[in-house]
Amino acid sequence: MTLLAERPGVVQEPGGPDHGHGPTGILRWLTSTDHKVIGKSYLITSIVFFLFAGVMAVLMRTQLASPDSTIVSQHTYNELFTMHGSLMLYLFAGPFAFGGLANYMVPLQVGAPDMAFPRLNALSYWLYLGGGLTMIGGFLTVGGAADFGWVAYAPLSNAVNSPGAGPDMWIVSLILTGFSAIFTGVNICATVFYLRAPGMTMFRVPIFTWNMVVTGILILIAFPVLTAAMVMLWCDRHLGTHIYTVSGGGVPVLWQNLFWFFGHPEVYILALPYFGMVTEILPVFSRKPVFGYRGMVFATITIGALSTSVWAHHMFTTGVVLLPFFSLMSYMIAVPTGIKFFNWIGTMWRGSLKFDTPMLFAVGFLVVFLFGGVTGVFLASPPIDFATHDTYFVVAHFHEVLFGSAVFAGFAGLSYWYPKMFGRMLRESLGKASFWFMFVGFWVTFLPQYLLGLHGMPRRIAEYSASTGWTTLNRVSTAGAYILFLAVAIMVVNFYVSWRRPIHASGNPWDGHTLEWATTSPPPPHNFFRLPPVRSERPLWDFNHPEHTTRAHEAEHEGGTPSRRGTRATGGGADGAR
Amino acid sequence: MRNESRLLLVVSLFGAVIGVLFWAVGLSPVYATITSGGTIMLGAVCLLGLLPGYYYHWWSRRMSPRSEDDPEATPESGAGVVGVFPGTSIWPFVLGMSALLVCLSLVFGFWTAIFGFSLAIAAVVGVILESRRGGAI
Amino acid sequence: MLLGGALVLGGCNAPTFGAFRGATTQGRDEFRLWVGFAITGLAVAAIVWGLIFWTVIRHRRRGSDAIPRQFHENVPLEIVYTTLPFVIVLVLFYFTVVTENRIDAVSASPSEVVHVLGFRWGWSFTYDSGTGRYQGVQIATAAQPKVLAQPATSSQYPQLVLPLGETTRIVLTSADVIHGFYVPAFNFSRYAQPGVVNRFDFTPTTTGVFRGQCSQFCGLYHSEMLFSVRVVSRADFARWLATEQASQAQTGSGATS
Chain A
1 MTLLAERPGV VQEPGGPDHG HGPTGILRWL TSTDHKVIGK SYLITSIVFF LFAGVMAVLM
61 RTQLASPDST IVSQHTYNEL FTMHGSLMLY LFAGPFAFGG LANYMVPLQV GAPDMAFPRL
121 NALSYWLYLG GGLTMIGGFL TVGGAADFGW VAYAPLSNAV NSPGAGPDMW IVSLILTGFS
181 AIFTGVNICA TVFYLRAPGM TMFRVPIFTW NMVVTGILIL IAFPVLTAAM VMLWCDRHLG
241 THIYTVSGGG VPVLWQNLFW FFGHPEVYIL ALPYFGMVTE ILPVFSRKPV FGYRGMVFAT
301 ITIGALSTSV WAHHMFTTGV VLLPFFSLMS YMIAVPTGIK FFNWIGTMWR GSLKFDTPML
361 FAVGFLVVFL FGGVTGVFLA SPPIDFATHD TYFVVAHFHE VLFGSAVFAG FAGLSYWYPK
421 MFGRMLRESL GKASFWFMFV GFWVTFLPQY LLGLHGMPRR IAEYSASTGW TTLNRVSTAG
481 AYILFLAVAI MVVNFYVSWR RPIHASGNPW DGHTLEWATT SPPPPHNFFR LPPVRSERPL
541 WDFNHPEHTT RAHEAEHEGG TPSRRGTRAT GGGADGAR
Chain B
1001 MRNESRLLLV VSLFGAVIGV LFWAVGLSPV YATITSGGTI MLGAVCLLGL LPGYYYHWWS
1061 RRMSPRSEDD PEATPESGAG VVGVFPGTSI WPFVLGMSAL LVCLSLVFGF WTAIFGFSLA
1121 IAAVVGVILE SRRGGAI
Chain C
2001 MLLGGALVLG GCNAPTFGAF RGATTQGRDE FRLWVGFAIT GLAVAAIVWG LIFWTVIRHR
2061 RRGSDAIPRQ FHENVPLEIV YTTLPFVIVL VLFYFTVVTE NRIDAVSASP SEVVHVLGFR
2121 WGWSFTYDSG TGRYQGVQIA TAAQPKVLAQ PATSSQYPQL VLPLGETTRI VLTSADVIHG
2181 FYVPAFNFSR YAQPGVVNRF DFTPTTTGVF RGQCSQFCGL YHSEMLFSVR VVSRADFARW
2241 LATEQASQAQ TGSGATS
C-alpha cells in the first residue's frame, strides 16, 4: 500500500490506520521499504561480514605467530588478507555506518517519516547483499577467491597474473556494492535536504547527520571512480583492452591514481560517520551541548573536501607523483581533525560524565584514534613514508584509525542506539567487559606492529625467517588478536543475552538530546507521534530541561551575567539559581 | 535551501581551486609527472558540486519559504502531508536480484544476463504499475 | 616542538624510537627527520591524552545529579586550537621538504650505476661500470619455489654489492608486476614498476650486509622475494667486480638467470 505520510502537529494518537495488515513472514522482510527494517538488515548483514573477516584476521595472526609457519599455504594466506581487507572495508565499515546506523538514525534525527526514496533504499540493500555474497562466493570457485590484495594493483590483477573466476567475482561485487553505496549517498543527502522537521535549519541538524551528509557527498565523488576503474579492469581482463598494461600502451599507475582517488575519500567515508557517532554520544553522557558546533561542521566539511586532494600519499614511493603537493594536503587534514579532538575534549570539560558502555567506547575511540592520527601525520611525510611504506608500520597505523573508528566508535554507536532500534537494553557488565578486553587487546595487537614495521617487516608476507628476529613481537601481536577476538565474542554474547532475556528500554533511556529519542523504542511506522519544537541542535533536551536550554545559556552569556568563576561558585548544587 | 546549495558550491569551488593548483604545479619542469588523471578527476569534483549546487541555488530563490529553514517555526507550522511513501514493495528486491544476475554474467557468461534483463523489465513494469494505482505489491 | 626542530637539525645520539639509524647518508637524513617527528608526535599525543584523561577523571559524575553549566563555545579558544596545529604542520612540512629534496637529489656523476630489475620472484642487478658503455655484469637469482627459512642474506638470494662512501645510482624498473625495492637499514623503498624507470642514489656510510625484501605484494611467492645489500670498501668492490666479470666472460652469456 502507498501511504501518505503526515507530519504530526502536536500529538498524534499511536497506531494510525493501515499499519495492521500487510505481508508477513519472510515476504515482510523482502518487501519492506521502511528505513528501520532496511537499516537493521544492513546492520546485521555487515556485522556478519565483520565476524567473518575477523576470523580471517585471527587465522592470519596465527600463521604469523611463528617463523616459517605452514598453518595455511601461501596461496590461502594471500586469499585471506585480500578478503579480510575487502570484507572489512567494502562490506563492513562503510555499510555498517551509512547503510546501517545512518539509514536508521538520519530520518529519525531530522524528524522525517522515512528516507526520501524508500524503494531506492531497499534496492541499495539488495545490491549490497548480492554484492557481499558474490564476494564471499569467490571462495567457492575453482581457483579460490581474489588474491591480489584489497587494492588490486594493476598489472597484478590482470588476466595473466590473476586468472580465474574469483577475481572476477570480486570485481562484480565491487560494482554492485558501489552502486548500493551511491544510492544510499543520494538518499541520505535528499532526506536531510528535504525532509527536516519544522525549525530544524541546517545549522541545527545533529552532528551525526551533518557528517552523514558530507559522507554522502564523498560517496558521490568517490564511488563512481571505483566503479569505472573496475569496469576498465574487467575490460582489460576479458575484452583485450590494455588500459592498465604496458604491453599495449597502457599505464599501470593509472590504476593507482583511480583507485586511490576513490580510496582516500573512502577512508573518510569510513571515518566521518564514526566521528559523528562519538559527537552524539559525548554530549549526552556529559549532559552538555556539543562544544563548538559550528567548528565541528566546518571541520567535517574541510576534512571531506581535503580528502579529495590527498590520494597520492598512498603512492609516494611510485616516484611519479607530486610529493610536496600531496604531502602538504595530507598534513592539512590534521588541522580539522585536531579541531574535532579539542571540541570533543571541550564537550566533556566540566561536564557530568557517566561511563555507560557507549561512553566508554567513545572515550576509548578518542584515546586510540589519537595515536593512529599522529602516526598518520608521520606517514604524510614522504621521507618517512619511504622508510615505512608497505610495512607493518602502515598496517598498524591504518588498523589503529580504522579499528579505532569502525569498531570502537562503531560499537559505541551500536550500544548507544541499540535500545532505540531493538527496544531492549544491552547488559552493562558485558558491555564494559567487552570494552576493557578490546582496549587492552588493541594495544597489545597493534603497538608491536609499529615496531615490526620499523624493523623492516613488509606487509602481506605469509612467512618470515627466524633470523629476522621478528618472532617475539609477532607472538605478542597474535596474543593481542586473540584478546580482541574474545572482546568481540563478549559483545556477541551480549546481543544474544538481550535477545533471549530482554530488558525493556524506554523511549529515552540515556536522556538523549536529539529527535530520535522523542519517539518510542523502536519507533512506529513513519516514526513520530509528536515532534518537540526545534530551537537548537538538541531539541529534546531543550524540551525536557526547559531551564537549561542552549538558548537560555546564550541569553545569560550575552546579558553579561556572572563570569566563569562566579558561575562555578553558584553552580555546585542549586541549578535553579541560574 | 540556501545552506544546502552553499555546501555543494563550496565542494565545487574546492575542486576547481585544487584542480587548477594541481595542474599548475604539475606543469613545473621540476616534477616531471603525469597529472592529467588527477586534474580530470578534480574537475569532475567541481562539476559534481556545481550541478546540484547551482540547481538548489536557482531553486532557493524561487520556492516559497519552508518551515525547516525558519528558525522560529513550530511543529504545527509544518504539520500535514509530507509526501507519498510506498508501504511495501517487492520490486526493489526483484530489481536488485536482476542487477546481480546481469553483473554475474560478467563472470559466468551471457546466459545469466538473459534472466537478469527479464527480471529487470518485470521490475520496471511492476514499479510503474504500482505507483500508478498506488496499491500494494 | 622546539626540541623536535633542534633534533632534526642536530642530534646524532638521539634515541631511535625503534627505527634504523640509516646506513646511507640518505637514510641518515631520513632518520633525523624521523626523530624530530617522533618527538613532536609523542609530545602532541601526550598533551592530548593528558587532557582526555584529566577530563575523564576530574569531571566524571559523582553522586549528585546536578546539570553542569551549558556552555557550548569559546571562539577565541577555538581559533587558538585551529591555528596551533596549522603552525605545527607547516613547520613539519618545511623539514619534510628539506629532507625530501636531499634524499631525492640525484648526483650528476655517480661512481657506479646499477640497473635493478624486479621480476616474479627475484631481482637482477646489472652493473653499468666504466664510461657509460653498458657492460652487463649481471647478478641474478630467481629460483622458485625457494627453500624456506633462509635468511635474506643467504646465498640463495641475489646480492647487491655497493662501494662504501661513494654514490651509486640505482636505476629501477620491473619486468612484470609492481614490486617494492625495500632496504630497511637504508630507510628507503621505491616501487619497481613496469613502464616506469625510477632513479635514486645510495651513498653507504657503513660496511656490512643488509637484508632487503620486496615490499609491494606481487603474487604467490611475495614473501620469498628477498635479497641483500653488501657494502664493501672500494678495493674490495673492484676485486669483486673483476671476479664477476671474469667468471661471466668464462661462462659466455653473462646472465645467470
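Protein chains in written order, with the numbering used here: chain A, 1 to 578; chain B, 1001 to 1137; chain C, 2001 to 2257.
All C-beta atoms in this analysis are idealised placements derived from N, C-alpha and C, irrespective of residue type, glycine included.
Predicted model only: the values in this text are computed from it and were never measured.
Self-check item: Three-pair Cβ contact test at 8 Å for the segment 295 to 307 of chain A versus the segment 380 to 398 of chain A
Solution: With a cut-off of 8 Å, the segment 380 to 398 of chain A and the segment 295 to 307 of chain A do not count as touching, because too few Cβ pairs lie within range.
Quiz prompt | Short CB-CB distance (under 9 Å) between A:MET1 and chain B | solution = Annotation note: pLDDT 42 at A:MET1 (below 50); position unreliable, no value reported.
Quiz item: Straight-line CA distance for A:ASN494 to A:PRO113?
Solution: Distance between the alpha carbons of A:ASN494 and A:PRO113 is about 30 Å.
Exercise. Measure from the alpha carbon of A:ARG287 to the alpha carbon of each residue in A:HIS513, A:PRO546, A:PRO522 and A:SER41, then state which is nearest.
Key: The residue with the shortest Cα to Cα distance from A:ARG287 is A:HIS513.
Self-check item: CB contact check: A:THR520 to chain B, cutoff 9 Å
Solution: Contacts with chain B at 9 Å (Cβ-Cβ) do not include A:THR520.
Exercise. Just the C-alpha distance for A:ASP542 and A:ALA197, rounded to the nearest angstrom, thanks.
Key: Note on geometry: alpha-carbon atoms of A:ASP542 and A:ALA197 lie some 15 Å from one another.
Quiz item: What residue does the beta strand (DSSP E) around A:ASN508 start on, and which one ends it?
Solution: A:ASN508 -> no beta strand (DSSP E), and no H or E assigned at all.
Practice problem: Pick out the complete alpha helix (DSSP H) segments inside the segment 282 to 357 of chain A, 4 residues or longer, and give them in chain order. | Solution: Taking only runs of at least 4 residues, the alpha helix (DSSP H) segments lying wholly in the segment 282 to 357 of chain A are 293 to 306 and 323 to 348.
Quiz item: At a CB-CB cut-off below 7 Å, which residues of chain C make contact with A:TYR331?
Solution: Here the neighbours are VAL2089, LEU2092 and PHE2093.
Exercise. Could you tell me if the beta carbon of C:VAL2056 falls within a distance shorter than 8 Å of some heavy atom in the ligand NAP?
Key: Absence of the ligand NAP from the depicted structure is noted, as is the absence of any ligand whatsoever, leaving it without description.
Quiz item: Per DSSP, what kind of secondary structure is C:SER2247 in: helix, strand or coil?
Solution: The three-state reading of DSSP puts C:SER2247 in helix, counting H, G and I together.
Quiz prompt | Distance CB(A:VAL205)-CB(A:VAL110) smaller than 9 Å | solution = The answer is yes: Cβ separation under 9 Å.
Quiz item: Are the Cβ atoms of A:TYR128 and A:LEU91 separated by less than 9 Å?
Solution: Yes, Cβ-Cβ distance for A:TYR128 and A:LEU91 is below 9 Å.
Quiz item: When the cut-off is 9 Å and only beta carbons count, does B:MET1041 lie next to chain A?
Solution: Yes - at least one Cβ of chain A is within 9 Å of the one on B:MET1041.
Exercise. Verify whether the separation of the beta carbon atoms of A:PRO95 and A:SER46 is less than 9 Å.
Key: A Cβ-Cβ contact shorter than 9 Å links A:PRO95 with A:SER46.
Quiz item: In chain B, what lies closer than 7 Å to A:VAL151 by C-beta?
Solution: For a Cβ distance threshold of 7 Å, nothing in chain B lies close to A:VAL151: the least Cβ distance comes to about 16 Å.
Quiz item: Enumerated in chain order, which unbroken segments of the alpha helix (DSSP H) with a length of 4 residues or greater are wholly contained in the segment 58 to 102 of chain A?
Solution: As far as the segment 58 to 102 of chain A is concerned, its whole alpha helix (DSSP H) runs of at least 4 residues are 74 to 86.
Quiz item: What is the rounded straight-line gap between the Cα of A:VAL48 and the Cα of B:GLY1116?
Solution: C-alpha of A:VAL48 to C-alpha of B:GLY1116: approximately 27 Å in a straight line.
Quiz item: Looking only at DSSP bridge pairs, what is A:ASN161 linked to?
Solution: DSSP, once it has assigned bridges, lists no residue as partnering A:ASN161.
Self-check item: C-beta neighbour in chain A for C:ALA2143, strict 9 Å
Solution: Only weak support exists for where C:ALA2143 lies, its pLDDT of 47 falling under 50; the coordinates are left without a value.
Self-check item: First and last residue of the uninterrupted beta strand (DSSP E) at C:ILE2170
Solution: Start and end: 2168 to 2174.
Self-check item: Own chain partners of A:THR134 with C-beta closer than 7 Å, once the 5 adjacent residues on each side are dropped
Solution: Contacts found: MET169, VAL172, SER173 and LEU176.
Quiz item: In whole angstroms, what separates the C-alpha of C:VAL2080 from that of A:TRP344?
Solution: Linking C:VAL2080 to A:TRP344 through their CA atoms gives a straight-line distance of about 15 Å.
Quiz prompt | Rounded C-alpha distance that separates C:THR2141 from C:SER2247 | solution = Residue placement at C:THR2141 cannot be trusted, given a pLDDT of 48 that sits under 50; what the coordinates show is reported in the next sentence. Near 16 Å, if we compare the C-alpha coordinates of C:SER2247 and C:THR2141.
Quiz item: What are the partner residues of C:ARG1997, as DSSP defines its beta bridges?
Solution: With chain C covering only 2001 through 2257, there is no way to say anything about residue 1997 of chain C.
Exercise. Can you tell me which of the three DSSP states B:SER1064 falls into?
Key: Here B:SER1064 sits in coil by DSSP.
Quiz prompt | Near-chain A residues of the segment 1088 to 1112 of chain B (beta-carbon distance less than 8 Å), N- to C-terminal order | solution = For the segment 1088 to 1112 of chain B, the residues whose beta carbon sits under 8 Å from a beta carbon of chain A are, in order, THR1088, SER1089, ILE1090, TRP1091, PRO1092, PHE1093, LEU1095, GLY1096, MET1097, ALA1099, LEU1100, CYS1103, LEU1104, LEU1106, VAL1107 and PHE1108.
Quiz item: Span of the beta strand (DSSP E) holding A:LEU484?
Solution: Premise fails: A:LEU484 lies in the alpha helix (DSSP H), 471 to 500, not in any beta strand (DSSP E).
Practice problem: Report buried or exposed for A:ILE490, applying the criterion of at least 16 other Cβ atoms within 10 angstroms of its Cβ. | Solution: So A:ILE490 counts as buried.
Exercise. Check whether the Cβ of A:PHE355 lies closer than 9 Å to any Cβ atom in chain C.
Key: For A:PHE355, at least one C-beta of chain C is nearer than 9 Å to its own C-beta.
Practice problem: Flag this pair as touching only if the segment 473 to 480 of chain A and the segment 2025 to 2038 of chain C have three or more C-beta atom pairs under 8 Å; answer yes or no. | Solution: With contact defined as three or more Cβ pairs closer than 8 Å, the segment 473 to 480 of chain A and the segment 2025 to 2038 of chain C are not in contact.
Quiz item: Between the segment 31 to 46 of chain A and chain B, which residues of the former have CB atoms less than 8 Å from a CB of the latter, in chain order?
Solution: So the close ones are THR31, SER32 and THR33.
Exercise. Reducing DSSP to helix, strand and coil, say where B:LEU1009 ends up.
Key: Under the three-state reduction of DSSP output, B:LEU1009 falls in the helix class.
Exercise. Look at the alpha carbon of B:PHE1022 and the alpha carbon of B:ALA1123, and state the distance between them as a whole number of angstroms.
Key: Rounded to whole angstroms, B:PHE1022 and B:ALA1123 show a C-alpha spacing of 45 Å.
Quiz item: Between the segment 453 to 468 of chain A and the segment 2199 to 2207 of chain C, do three or more beta carbon pairs fall short of 8 Å?
Solution: Touching, no.
Quiz item: If we call anything under 9 Å between Cβ atoms a contact, is B:GLU1130 one with A:MET202?
Solution: Cβ distance not < 9 Å, so B:GLU1130 and A:MET202 don't count as in contact.
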